[in-house]
Amino acid sequence: MKNNYNVVIIDDHPIVIEGLRNLLNGIEFITIKAAFNTGKSIFGYDDLKNIDIVFLDIFLTDSNGIDICLKLKKSHPNVIILAMSSQSERSIVLQMLHNGASGYLLKSASLDEFRQCILEAIEGQNTFCNQVKEIIEKVSVDDLKSVPRLTLREKEILELLREGKSTQEISDKLFLSFLTVQTHRRNLLNKYQAKNIVELLNVVKLNGLL
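Using the working numbering, you'd call the opening residue of the sequence shown number 254 and step up by one each time.
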């Protein structure tokens with residue numbers, strides 16, 4: 254372990270950045286070098302090659318953390334990316350890991366949790382705050398490899414759901430029975446562990462499935 258690790262924070266809420274600065278300042282081996290309000294700003298940062306850890310918000314105004322994570326790991330494979338969010342959807346956690354993140358923390362996590370996660374990430378482990386850990390422990394090794402893909406029919410139905418079409422309208426459009434469309438909707442919710450259609454569409458968008 255080095256004596257000091259350079260850190261960048263990416264979050265579109267200034268109050269979150271300030272709060273995280275105050276939190277991380279309590280960790281003696283951490284130096285915060287910069288903070289950005291947009292995901293794309295990190296790629297214009299001149300000293301990126303000397304950054305060890307990036308705290309990356311999932312939901313950004315100009316992009317999403319899942320895409321930024323993948324792009325950042327491709328250009329700087331040695332950087333440690335720790336995802337942050339106020340939400341702990343299982344599919345998003347898995348996609349961040351799939352795209353190269355070393356961990357996932359809720360913004361409500363304690364200083365001790367942040368410190369422990371940083372230490373574990375530095376040691377090369379996948380790391381999570383306690384609440385996210387409970388979700389991950391229920392996931393199989395195969396689940397960590399990929400997010401379920403959509404079939405052609407599922408894509409057709411999701412496109413129409415995204416347009417605001419009702420089950421009956423989708424049934425008429427695709428020449429399927431009402432019951433068949435209902436079954437597809439239910440299966441999609443189960444497949445992506447979503448509570449409702451709004452959450453399902455959000456998961457699909459964040460994972461780039463459409």
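Heads up, the beta-carbon is just placed ideally off N, CA and C, and yes, glycines get one too.
A quick note: this is a predicted structure, and the numbers were derived from the prediction, not measured.
Can you list, in chain order, the residues of its chain whose CB lies under 7 Å from that of K233, leaving out five sequence neighbours each side? Because residue 233 is not part of the residues shown, which for the chain are 254 to 463, the question remains open.
Just to confirm the assignment: which complete alpha helix (DSSP H) runs, minimum length 4, are found wholly within the region 396-431? Complete alpha helix (DSSP H) runs here, min 4: 405-415 and 420-427.
Which two residues bound the contiguous beta strand (DSSP E) that contains S344? Secondary structure note for S344: it is in no beta strand (DSSP E), and the uninterrupted alpha helix (DSSP H) holding it is R343 to H351.
My output table needs one value for G356: the three-state DSSP class, helix, strand or coil. strand
So for I268, helix, strand or coil by DSSP? Shown here, I268 sits in a helix according to DSSP, grouped into three states.
Rounded to a whole number of angstroms, what is the C-alpha to C-alpha distance between S361 and S294? 25 Å
Hey, how far is the Cα of I345 from the Cα of S338? So the two alpha carbons sit approximately 10 Å from each other.
Could you please give me the residues that DSSP links to D310 through a beta bridge? M337
With a threshold of 8 Å on Cβ separation, who are the neighbours of L403 within its own chain once the five nearest residues in sequence on each side are excluded? Short of 8 Å from the beta carbon of L403, and not among the five residues preceding or following it, lie these beta carbons of its own chain, in chain order: L411, V457, L462 and L463.
Span of the beta strand (DSSP E), counted from its first residue to its last, around A288: I283 to F289
Simplified DSSP state of V332, which is helix, strand or coil: coil
My guess is that N352 and L459 are in contact by the Cβ rule of under 8 Å, so how many angstroms apart are they, rounded? The beta carbons of N352 and L459 sit about 11 Å from each other, so the pair does not count as a contact at 8 Å.
Considering only residues of the same chain and omitting the five flanking positions on each side of N449, which have a CB-CB separation below 8 Å? Here the set comprises L442.
Distance between Q421 and K302 (C-alpha atoms, nearest Å): K302 and Q421 have their C-alpha atoms some 54 Å from each other.
Just to confirm my understanding: we take E409, look at its own chain, exclude 5 residues before and 5 after, and list those with CB closer than 7 Å. What are they? L427
List the endpoints of the continuous alpha helix (DSSP H) containing I450. I450 to L459
Cβ atoms of T284 and N257: under 8 Å apart, would you say? In this structure, the beta-carbon distance from N257 to T284 falls below 8 Å.
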